[in-house]
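Here the working numbering is used: the first residue of the sequence shown is 1, the next is one more, and so on.
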Amino acid sequence: MSEGVSHSQGILARGNDFLRFLETQGQQLEGLSKTVTQSIYDTQYLTYRCQIHPGEPSIPFNVVLKTLIDNLVLHLQGDILHYVSFQSDSAYAQSTAQSRNPAQYLHENAGASNFHPLQQTFPNFVRPGSSGAAFSHERNDTVFNDRGAKPKKKKHPGNLLAVDQHIIIHRTPTVCKETSEELAAFQASISHLPNYVTLKGQVFDCSPCGAKCTSKGELLRHLDGRRHRLSVITMKLKSERESLILDKGKIQIRADCEGKNGTYFIDLREGVVSTINVTIKNVSPDHMVELVHCEMLKRIRVFTLYDEKDVTEHQNKVTILPDSIYKVRITAMAKNVGNYHTPLGFHFNLDGQEFHIVRFIHARCKSAITDQVKSSKPYKRPPRHSWRREAAEIVEGFPLPKWSGDNLPKKIALERYRIPDSLRKIINHGLKVNLDKYSEIDRSELSSLRSVLEKPLSWESYDKRFSAMNHFEETQMEVDIRKYDMEAVTMRAYQNNRRLLMLEVPGLSENRPSVLRGDWLYVRICTEGSTADREYQGYVHEVRQNEVALGFNKKLMDQYVKGLKFNVRFVFNRLPLRLQHRACSLAKDEGLEDFLFPTERTICSRNMNILPLPLMLYNKDLENNDEQKKAIHNILSGISRPAPYLVFGPPGTGKTVTIVEAMMQIWKHFKKCRILACAPSNSAADLIAIRLLKIIPKNDIMRLNAFSRSWDLIPKDVKAVSNYDHGSGQYYYPGQDAMEGYKIIICTLVTAGRLVSANFPSCHFSHFFVDESGHAVEPECIIPLAGILTTDPQLECGQVVLAGDPEQLGPILRSPFAIEYKLDVSLLQRYMTTCEVYKRTDTAGGTGYDNRIITKLLQNYRSHPAILHLPNQSFYQGELVYSADKGKRETFCRWEGLPKKQFPVIFHGVLGQDEREERSPSFFNAAEVDKVWYYIDLLLQNKGYKLNPKDIGVISPYRKQVQKIQALLKKKSLKDIHVGSVEEFQGQERLVIIVSTVRSNPDYLSLDIQYRLGFLKNPKRFNVTLTRAKALLVVIGNPQTLSHDQHWKSFIDYCKENGGYTGFTCEQEEEEELLELEERLKLMKLWDQEELDKTAEFVQDYGIRNDSAIMRDK
1 MSEGVSHSQG
11 ILARGNDFLR
21 FLETQGQQLE
31 GLSKTVTQSI
41 YDTQYLTYRC
51 QIHPGEPSIP
61 FNVVLKTLID
71 NLVLHLQGDI
81 LHYVSFQSDS
91 AYAQSTAQSR
101 NPAQYLHENA
111 GASNFHPLQQ
121 TFPNFVRPGS
131 SGAAFSHERN
141 DTVFNDRGAK
151 PKKKKHPGNL
161 LAVDQHIIIH
171 RTPTVCKETS
181 EELAAFQASI
191 SHLPNYVTLK
201 GQVFDCSPCG
211 AKCTSKGELL
221 RHLDGRRHRL
231 SVITMKLKSE
241 RESLILDKGK
251 IQIRADCEGK
261 NGTYFIDLRE
271 GVVSTINVTI
281 KNVSPDHMVE
291 LVHCEMLKRI
301 RVFTLYDEKD
311 VTEHQNKVTI
321 LPDSIYKVRI
331 TAMAKNVGNY
341 HTPLGFHFNL
351 DGQEFHIVRF
361 IHARCKSAIT
371 DQVKSSKPYK
381 RPPRHSWRRE
391 AAEIVEGFPL
401 PKWSGDNLPK
411 KIALERYRIP
421 DSLRKIINHG
431 LKVNLDKYSE
441 IDRSELSSLR
451 SVLEKPLSWE
461 SYDKRFSAMN
471 HFEETQMEVD
481 IRKYDMEAVT
491 MRAYQNNRRL
501 LMLEVPGLSE
511 NRPSVLRGDW
521 LYVRICTEGS
531 TADREYQGYV
541 HEVRQNEVAL
551 GFNKKLMDQY
561 VKGLKFNVRF
571 VFNRLPLRLQ
581 HRACSLAKDE
591 GLEDFLFPTE
601 RTICSRNMNI
611 LPLPLMLYNK
621 DLENNDEQKK
631 AIHNILSGIS
641 RPAPYLVFGP
651 PGTGKTVTIV
661 EAMMQIWKHF
671 KKCRILACAP
681 SNSAADLIAI
691 RLLKIIPKND
701 IMRLNAFSRS
711 WDLIPKDVKA
721 VSNYDHGSGQ
731 YYYPGQDAME
741 GYKIIICTLV
751 TAGRLVSANF
761 PSCHFSHFFV
771 DESGHAVEPE
781 CIIPLAGILT
791 TDPQLECGQV
801 VLAGDPEQLG
811 PILRSPFAIE
821 YKLDVSLLQR
831 YMTTCEVYKR
841 TDTAGGTGYD
851 NRIITKLLQN
861 YRSHPAILHL
871 PNQSFYQGEL
881 VYSADKGKRE
891 TFCRWEGLPK
901 KQFPVIFHGV
911 LGQDEREERS
921 PSFFNAAEVD
931 KVWYYIDLLL
941 QNKGYKLNPK
951 DIGVISPYRK
961 QVQKIQALLK
971 KKSLKDIHVG
981 SVEEFQGQER
991 LVIIVSTVRS
1001 NPDYLSLDIQ
1011 YRLGFLKNPK
1021 RFNVTLTRAK
1031 ALLVVIGNPQ
1041 TLSHDQHWKS
1051 FIDYCKENGG
1061 YTGFTCEQEE
1071 EEELLELEER
1081 LKLMKLWDQE
1091 ELDKTAEFVQ
1101 DYGIRNDSAI
1111 MRDK
């Protein structure tokens, strides 16, 4: 046997082993996309091979796949993989297949439908369960436990690994049986789709434009539009770029500047003119060549063309004699820092043969600031980490000192709530696959799951639906946390404690990954042999800026030497998820239907509290605000019970001030009151405590902190009421009797789960407050309620108050499946959008809410009317009243930096370039950093108003941009200017807000509508961004990119209409620009009329102008 044949058989054997591995893991390859299969191969299978065969060379997926296809094991139909099956009664099929090229056979049999996973034709295929299929692994049950793992060895198959749901959800869905006939008729009506248009499910996808059309009428209208025609042509030009930039026809084109791959680079400074000369040389010794046209295919004011015979002005043609030259001068001058592109087309005629040459002009207008923040190293995609399974042996780590301060009993159990293997299998395959692909048991389970998820949320499905969605989120968290895994890193000895090792974790200061004291991770020594399948658990004893101090078992410490390398595997703390599961279960057990699903029959059905009138408010600023006073009165009266009372607080309306005043009044008037005040974050909970402490004695308040919280991060005033024992240097939980001595307990939603475990009596807390409730997923929001709150009419039920704004940022989720089924809808938002009693209604007196159960605050005390106007109209029905202090809000109305006085809103257009560097996936934009500094410097130099740097905030949605701006300000000694993400600024305000939107990828022919706006394409993020400023709002961005989002376009138009637009300006409206571009391409004869004629014929065939069905689509 030849070496080549042996090698080929080895690859085939590896391929069969991979298929066997898929079966063992419950993965059905049939119908999987090539992309998903490669992801499983690279991340799971190679890890498995590495474990059982250390040091074995890996074989690339494409090599294995090609071998399986060549040997007729698999075939690829589009991007979908199928098993090959020969007709059982056709010897001819097999003999013919053997005599023909395998690719030809597969091509001719692409429509075969009788595929089977295992074929007797291939004896090398190892079946699951045979001796050849055995491998050593089980998912470590204690990987995500809340306590330490015990050393254990595992030698039997285990659970499935998670597959990235972002890959699964973008897979073309398999059509279910019940819709297949309808789809077949739909496809049959389209006989010959144009090039670039594909039918995916029931959606037409136009690849040049990125447009997705859901009906024939919509598709035909799209194909008949100018944008589509231009997109097709420009895509063709891009595909032919390599040939277009080549010198040809005896013509050579050169320029006296830097050039690479057909692009000429011009470096500019603002306002400074730069010139380059382009030389066109006819190298033929005996043929003349005619220069017919020389055109910028897209007009940019930065560039001006000049030539002696006015060819660039469309006035003349010029003949270039043999061995002669002709010059074109390009003058460039930019008023703004940025990147400016245009293609320069040359149209020639040589003896009746026409041809084209294209050059690309790229002007880079720089400044001292852009030079500072430019990319330090080229961007490289992070290497795909081997998503190692947990090792066969886990060695328990060195835990933290035993916590002796937990005096609360644990009467209500907290279960593990593991993800069932059957659900993992469903998640890994996707929720919308054909049911026929599953076994009868799995089919029944998937069908049941779909029925729960696809119907509206109800009391009957409450716990099952949220349980499934929490599991969706957890599986995606498992995938995402592994992206932080590190390979071949070192640790250093910790000088303060020889029992610990220090590990540097890049991104730790940004919570990427999030690691807290008491958490743990796992390391594996980079070695081969018996220890390669052993992991050591490391408990986190201390967390520093970018380092953690880890406690390991003595077995590892005995092996440790300086320079020893480790692979690091991160895990996340499952405690919040477990508490959410329990909360949903307890909600059902405790019968909280009237609370979770209020109706007209159940709301306001309890006795009201008698109140002294009028209330004497502690905060006198509230005396003139009817909405705030109404909310406080209704909360005290308990009128909404058993339904919660909602305080809908748009930006700057004093939502937290309102509920804090309500707590103070409860404390004053109800001597037996017990208040539990919660928020999703520590910062929001601390703010409540700080404001309450202005009136309420310290002895009545307990700020209950989690064991993992850093004492140094707690505000000074809050430390005085925190559960911290200075003697032991640890947090403590007082006993239940001691807890009863506090009138108000303040904590995060998750920490409140500890109170639930203690099983406080149902009537212990008289009032529950949840601030920023729109930030929390619903299961998190009910953690402090389920198990303590009662709606029993025989008992005095507590008053629940939810405060927040459903139009601002909601919960942050990772799972696209969870988002699809609305886990990102907070309890507050669900009440206001799906619960009839909380909805906005039309009444005889006007439009509004039922103020017995909900109050919308209307007085905005933050922003200048010009700043608030657009969000007010877009999100709050124009009802917000401009009530900010006039002197403060008009601070910058006459500032020299305003394009128009009395309008303190600026959009500064910058044609920058979003970039990445090193291995960071986050974007930055140097040109926008330059403009951010321009405005900061101008503000601080303002003679009319002495601005404190603390009054300036800079917002950017991208972490890398935040870091670049922070680094620049640090060099300028301006550390007091807060720079952060939109999420960090929610709930905050500044006198001046500067926004850097970052995303900008100006193409040479900017026609693509597939702008990846990422974080920017989110209405709630847009709302929060614009409503942080009191007196001045400056937004910096690329108007062409941002205009593809309706909200950002409305903001840009608003600034233009009111004189607040400056910087780079789009020279024409979009339709005018498209028309001019079409004319230029036709003039240059770069117009592929044949392709467009095919499209026109298709459109004509289906009668776009006369089809009544299409008119109905409109």
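All C-beta atoms in this analysis are idealised placements derived from N, C-alpha and C, irrespective of residue type, glycine included. The model shown is predicted, which means the values in this text are computed figures rather than measured ones.
Cα-Cα separation between residue i and residue j, rounded to whole angstroms
i	j	result
V657	L693	13 Å
H471	I167	17 Å
F769	I936	39 Å
L414	S444	29 Å
R14	V64	7 Å
L898	V273	27 Å
P911	F1064	Residue identity differs from the one stated: residue 911 is Leu in this sequence, not Pro. Roughly 7 Å separates the two Cα atoms.
M502	E396	18 Å
Q165	F18	21 Å
I701	A684	16 Å
N1038	L947	28 Å
A967	K380	22 Å
Q27	L74	15 Å
V954	V979	5 Å
Per-residue burial, residue i [other beta carbons within 10 Å of its own, 16 or more giving buried]
i	result
Q799	buried
R1012	The pLDDT assigned to R1012 is 48, lower than 50, so where the model puts this residue is not dependable, and the model offers no usable value.
E535	buried
A211	buried
A738	exposed
Beta-carbon proximity list for residue i, same chain, < 8 Å, skipping 5 on both sides
i	result
R450	L431
E600	E836 and V837
S1050	L870 and S874
L400	R517, G518, Y539, H541 and G551
G10	none
S637	M608, N609 and L611
R852	I603, C604, N634, I639 and S640
R492	L501, M502 and K562
Reference residue i, options the options, closest by Cα
i	options	result
S461	C584, L968 and K975	C584
Q736	S514, G352 and V756	V756
P904	K1030, R359, K655 and E661	K1030
I427	D442, V982 and K970	D442
N261	V373, S514 and L244	L244
S708	S231, T748 and H669	T748
R674	K719, S766 and K629	S766
W667	L1032, L687, Y742 and N625	Y742
D824	Y831, L813 and F398	L813
V1034	K900, Y958, L1081 and S920	K900
R512	V571, A488 and S467	V571
S376	E984, R606 and K960	K960
Rounded distance between the beta-carbons of residue j and residue i, thought under 8 Å
i	j	result
V929	K964	5 Å
L809	Q986	5 Å
D805	A679	The Cβ separation is near 14 Å, so there is no contact.
E661	L857	About 12 Å separates the two Cβ atoms, so there is no contact after all.
V998	S1043	15 Å between Cβ atoms; not a contact.
Residue i beta carbon near the ligand PLP (any heavy atom closer than 8 Å)
i	result
L74	With respect to small molecules bound, the structure shown includes none, and the ligand PLP cannot be examined in it.
Residues near residue i in its chain [Cβ-Cβ closer than 7 Å; skip 5 each side]
i	result
M296	F303, L305, T342 and L344
Contact set for residue i: own chain, Cβ-Cβ below 6 Å, skip 5 residues either direction
i	result
G753	L579 and I783
I169	P816
K309	N316 and V318
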